[in-house]
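Here's the structure, in structure tokens; my notes come after.
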Amino acid sequence: MKKVILGILAISAIGFTSCKKCSECHYEALDSSGMEVEVEFGEHCGDDLKDLESIGYQLSDGTFVDVHCHAH
Amino acid sequence: MKSQTYKLMFLALIFLDFACCYSQVLKGVVLNSDTKIGVPDAYIYSFDLEIGNSTNEKGNFEISQFPKYKSKILISAHGYEDQSMFISSDSIITILMEPKHAMLDEFVVATPTGKLQGENITYVTTIKLNESASINNNTIGEVLTNAPGVYVASVGRGISKPVIRGLSGNRVVTYLDGLRIENQQWGGDHGVGVTALGIDRFEIIKGPSSLLYGSDAIGGVLYFVEAQYAKKNTSKSFIETSFESNSLSNNTSIGKQFTKENSKFNFFYGSSLNADYSLPNGLRILDSRFVSQAFKTSYGYNKNRWKINVRYNFSKSIIGIPGHSHKDSIYTELFYTDKLDWRSTLPYQNITNNFINVENKFYFDKSYLTMQIGHTINSSKEFEEKVTIPGIDMLLNSSTLNLRYAYKFSSILELLSGVQGMYQRNTNGNNAEEILIPNSFTTDLGIYSILFAGNKKLKFQSGLRTDYRIINVDSRNFQKDFTGINYAVGGGYFTKSSIVRLNLSSGFRAPHTSEMIANGIHHGSFQYVVGDLDLMTENANQIDLMYEYSNQHLAIVFNPFYNQIKNFIYLQRQDSVIESYPVYNYVQNEKVNMYGADLGVHYHPHFFHRLHIESSYSYLRAINSNNEFIDQIPPGKWMANIKIEFDEKEGFYFKNIVIRNNFILAQNEVAPNEIPSKGYNLLDFGINSVVKTKQNEINLNAGVKNILNCNYVDHLSNLKYLNIAGPGINYYIGIKFNIINKQQKHEKSNFRNLSN
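Listed in order, the protein sequences are those of chains U and R. Numbering-wise, my numbering puts 57 at position 57 of the first sequence, and it's gapless, one number per residue. Numbering-wise, my numbering puts 1683 at position 683 of the second sequence, and it's gapless, one number per residue.
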């Protein structure tokens, strides 16, 4: 009986444990012909992802652009 | 001050000591009324005390810790008609069981009055989850949809809100074993808040029910009751899994229930995984996926005149919000996808609920006292454009208190009085992009008294209640209070074959904080919502007539009603748009008249007792003082159910075969800016079988839902404006292993042979 209850508790604990959140992110930019394109810049996780969404992505010229990340 | 505290503690100890003093044992024998031979394995159970025991091979039974208080017990045995009687522990009883002629419905006790369905003046519709599962129900919304007179307002498959007699949201109050569930139910996209895990049944009280259930309950009450504890000194476990083809869903749950002398435990864990659902054309609705997990545990203890239950529920859901787009041009196909995906994608809701409930009950010779305290924590987050920064992040803490005292003056006169209180605080996360409802708190207090009178044939009840609510908004230095006085008067005439009930009742609902101070984007319902500080309280008055006829083969129920709601609050779409969201204002209409009827028939032909033919029809009409129809009023619903049951036996056998047909009529009686809906027909089929051994049982079920692959858009679906249809054909299969361990040999050997 103890084993069953411990089993239920263990499964519950594992089930409710969140794994680290990671997302593919992109920003929008204009290409050479002036068309809007999505520039993917890879998967980001945890605090890095949080900072990207709140501060933005810094381009080589030092400016920050809004990013869009997709939940998994 | 200190001495006063000690005095109070001393008095409380004396009170508890008195309450726990007298050990009693209820003894008796259960006999076949024809042969006078003992009935083995009959189960004698008190719903009120939550204790019971089975008879031994000679029909004898014994229940310890049974107080002298007259409690209603139910006696059930396979092949016999259910029995009920009031009993206290000071006598040895003989119970005669009549062999069952037809497969009639079992007795059901309505909570919280503890009265049998057939004796209650207020009609309570009871749905047992294991019975409704004759055809597999994946979500609590699907269970509710198949209850007569009950509808569901949905956003895809993951979000379902109960609609009772055309009213939902704040107007329908949900209880879980006496605990009022608060989960931001004002929102069109905030579901019921309770999962089906570990639930035995739910009860529906239609119409204003403020007297017992507090302010807000002007549409009705949904009362969920947890699974009973295992029988004394036994344990049972189960593991269950099911699969559905339409959204490639998997539901898995495990549970363990055991009792040891006076202590009782329940543990349940369940998870649900659902991909986007598919339409009749095979394409899927993007972001209709959802996952959820729940854990539930209960502890119960009985000691003579005292009973305690401690219950804890935890649930977490991540629910996609379908039908969401920021594109300038919106068309139905935009929301279609041919990809299969379970992974959460934006936008979605992240809902977490924690419920704790402690109930103490003390029994005296002629009365009982219930003291219940509870706390619910609901975290509602909506992620719209960013995965780490929520659009909305609200935390709702609600503490509730419920005191109830019932005194039986005589067998024909009983008084029930009580006090209900709630303190609720809503806080917004610092990280949230939007604040729809500012940080605020609400305090509720209600006092009520109900008198029950009558004999077996004629019964009356009348009661009064007064409520007081204060709403405070921190940031705006705003405070407003509301008071309400409500009544309920009813009578019933009960004969063996007929019951007539007539009830007049009122309800009161103070405007919710969201209706007064909302000012922001609600992503889930795709609205910019604006509240009104000058809203007044809603008041409802209902007259409800019920006629019930039944004999061994036929039962008929006819239930017309009329409900008038003054100062009806509703959302009205404006011409303006803010940040690309259409603006909706909360406004009031002088009065709304709602009327309709439920009709139900249940037939068992004499030549084939195993056949059940059930049918019900529900109709509702709602018109406001401008002579306009009201938004989101459910269309007529005709439900038909044909079930054939088979005999139980050892080894493999078919338990039942079910064909269910839900015919939803067209709804053309719509509000000025609302679109009408076409009627549709859903045909389902299910087959249930059992593999039975001496100790264990395996349940196997399979079936098809929406066999005709009907393409339909439900009138109450939030996606109807996008013409997004419901799920197409859906095959399912499920298996459940039940393991029952009996450990009561010692208990049974102590029985005296009372049948001799």
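Note that CB positions come from ideal geometry on N, CA and C, so glycine has one too.
Exercise for the section: Return the first residue and the last residue of the beta strand (DSSP E) that leucine 1096(R) is part of. Expected result: In the DSSP assignment, leucine 1096(R) falls within the unbroken beta strand (DSSP E) covering 1092-1097.
Problem - Simplified DSSP assignment, three categories, for glycine 1728(R) - result: The three-state reading of DSSP puts glycine 1728(R) in coil, since its state is none of H, G, I, E or B.
Problem - Segment contact, 8 Å Cβ cut-off, at least three pairs: the region 1063-1080 of chain R with the region 1039-1053 of chain R - result: Touching, per the Cβ criterion.
Practice task
Please state if the CB of aspartate 1200(R) and the CB of lysine 1296(R) are separated by a distance shorter than 8 Å.
Solution key: Their beta carbons are not under 8 Å apart, which means lysine 1296(R) does not touch aspartate 1200(R) by this criterion.
Practice task
Establish whether the CB of glutamate 53(U) and some CB of chain R are separated by less than 8 Å.
Solution key: Interface flag for glutamate 53(U) against chain R is set, since a Cβ pair is found closer than 8 Å.
Problem - DSSP beta-bridge partners of cysteine 113(U) - result: Here chain U has residues from 1 to 72 only, and residue 113(U) is not among them.
Problem - the region 1454-1461 of chain R touching the region 1526-1533 of chain R, judged by at least three CB pairs closer than 8 Å - result: Taking one beta carbon from each stretch, the region 1454-1461 of chain R and the region 1526-1533 of chain R have fewer than 3 pairs nearer than 8 Å; the two do not touch.
Practice task
Decide yes or no for the touch test of the region 1215-1231 of chain R against the region 1544-1552 of chain R: beta carbon pairs closer than 8 Å, at least 3 of them.
Solution key: Contact fails: fewer than three Cβ-Cβ distances are below 8 Å.
Exercise for the section: Just mark arginine 1311(R) as buried or exposed, buried being the case when its beta carbon has 16 or more other beta carbons within 10 Å. Expected result: Arginine 1311(R) counts as buried, since no fewer than 16 other beta carbons sit within 10 angstroms of its beta carbon.
Handout entry: Classification of serine 41(U) by the beta-carbon crowding that lies within 10 angstroms, buried from 16 upward
Key = Looking at the sequence itself, residue 41(U) is phenylalanine, so the reference to serine does not match. Counting Cβ neighbours within 10 Å, phenylalanine 41(U) comes out exposed, since fewer than 16 surround it.
Problem - Length of the line joining the Cα atoms of isoleucine 1740(R) and phenylalanine 1238(R) - result: In a straight line, the C-alpha of isoleucine 1740(R) is about 9 Å away from that of phenylalanine 1238(R).
Problem - DSSP-derived helix/strand/coil call for threonine 1761(R) - result: With chain R running from 1001 to 1756 in the structure shown, residue 1761(R) is simply not present.
Exercise for the section: Report yes if the C-beta distance between aspartate 1276(R) and threonine 1337(R) is below 8 Å; otherwise report no. Expected result: In this structure, the beta-carbon distance from aspartate 1276(R) to threonine 1337(R) falls below 8 Å.
Practice task
Could you tell me which residues DSSP puts in a beta bridge with lysine 1058(R)?
Solution key: For lysine 1058(R), DSSP assigns no beta-bridge partner whatsoever.
Handout entry: C-alpha distance - tyrosine 1653(R) paired with asparagine 1486(R), whole-angstrom precision
Key = Between tyrosine 1653(R) and asparagine 1486(R), the C-alpha separation is close to 53 Å.
Handout entry: Bounding residues of the beta strand (DSSP E) (the contiguous stretch that carries glutamate 1645(R))
Key = Here the beta strand (DSSP E) through glutamate 1645(R) covers 1637-1645.
Problem - Secondary structure of valine 1583(R), DSSP reduced to three states - result: In this structure, valine 1583(R) counts as strand in the three-state DSSP scheme.
Exercise for the section: Answer yes if the region 1303-1320 of chain R comes into contact with the region 1356-1369 of chain R, meaning at least three C-beta pairs across the two stretches below 8 Å, and no otherwise. Expected result: By the criterion of at least three beta-carbon pairs nearer than 8 Å, the region 1356-1369 of chain R is in contact with the region 1303-1320 of chain R.
Problem - Amino acids of chain R, ordered along the chain, whose beta-carbon sits closer than 9 Å to that of histidine 68(U) - result: For histidine 68(U), the residues of chain R that pass the 9 Å Cβ criterion are Leu1346, Glu1385, Lys1386, in the order they occur in the chain.
Exercise for the section: Flag isoleucine 1254(R) as yes if its beta-carbon sits less than 8 Å from any beta-carbon of chain U, otherwise no. Expected result: By this cut-off, isoleucine 1254(R) is an interface position.
Handout entry: Within chain R, the residues that lysine 50(U) reaches when beta carbons sit closer than 7 Å
Key = Within chain R, the residues near lysine 50(U) are Thr1388.
Handout entry: N- and C-terminal bounds of the beta strand (DSSP E) containing isoleucine 1140(R)
Key = Going by DSSP, isoleucine 1140(R) is part of no beta strand (DSSP E) but of the alpha helix (DSSP H) stretching over 1140-1145.
Handout entry: serine 33(U) at chain R interface by Cβ criterion, 8 Å
Key = With 8 Å as the cut-off, serine 33(U) does not count as an interface residue toward chain R.
Practice task
Say whether chain U places a C-beta atom closer than 8 Å to the C-beta of tyrosine 1528(R).
Solution key: Among the CB atoms of chain U, none fall inside 8 Å of the CB of tyrosine 1528(R).
Problem - Beta-carbon neighbours of lysine 21(U), restricted to chain R and to distances below 9 Å - result: Within chain R, the residues near lysine 21(U) are Val1387, Thr1388.
Practice task
Kindly indicate if chain U contains any beta-carbon less than 8 Å away from that of tyrosine 1269(R).
Solution key: Closer than 8 Å to some Cβ of chain U, the Cβ of tyrosine 1269(R) qualifies, so yes.
Exercise for the section: At 3 residues or longer, and completely inside the region 1497-1551 of chain R: list those beta strand (DSSP E) runs for me, N to C. Expected result: Unbroken beta strand (DSSP E) runs of no fewer than 3 residues, entirely contained in the region 1497-1551 of chain R, are found at 1498-1509, 1519-1522, 1527-1530, 1538-1550, following chain order.
Exercise for the section: Identify every residue that forms a DSSP beta bridge with asparagine 1313(R). Expected result: Partner residues in the beta bridge of asparagine 1313(R), as assigned by DSSP, are Lys1296(R), Phe1355(R).
Handout entry: C-alpha distance - leucine 1104(R) paired with arginine 1425(R), whole-angstrom precision
Key = Here the model assigns leucine 1104(R) a pLDDT of 46, short of 50, so the residue's position is not dependable, and the following value carries that caveat. Between the C-alpha atoms of leucine 1104(R) and arginine 1425(R) there is a straight-line separation of about 47 Å.
Problem - Opening and closing residue of the alpha helix (DSSP H) in which serine 1210(R) lies - result: Unbroken alpha helix (DSSP H) run through serine 1210(R): 1210-1213.
Practice task
Measure from the alpha carbon of tyrosine 1069(R) to the alpha carbon of each residue in Leu1416(R), Gln1479(R), Lys1408(R), then state which is nearest.
Solution key: Sorting Leu1416(R), Gln1479(R), Lys1408(R) by C-alpha distance to the C-alpha of tyrosine 1069(R) places Lys1408(R) at the top.
Exercise for the section: Give the straight-line distance between the Cα atoms of lysine 1247(R) and asparagine 1274(R), rounded to the nearest whole angstrom. Expected result: Looking at the sequence shown, residue 1247(R) is not lysine but serine. In this model, serine 1247(R) and asparagine 1274(R) are separated by some 6 Å (Cα to Cα).
Exercise for the section: Identify, in the order they occur along the chain, each residue of the same chain with its Cβ nearer than 7 Å to the Cβ of tyrosine 1512(R), setting aside the five sequence neighbours on each side. Expected result: According to the sequence as given, residue 1512(R) is histidine; it is not tyrosine. Within the same chain, histidine 1512(R) has close Cβ partners Asn1170, Trp1186.
Handout entry: Start and end residues, beta strand (DSSP E) containing glutamate 1244(R)
Key = Looking at the DSSP string, the run of the beta strand (DSSP E) that includes glutamate 1244(R) is 1234-1244.
Handout entry: Proximity of proline 1148(R) and serine 1616(R) at Cβ, strictly below 8 Å
Key = Yes, these two residues count as a Cβ contact at 8 Å.
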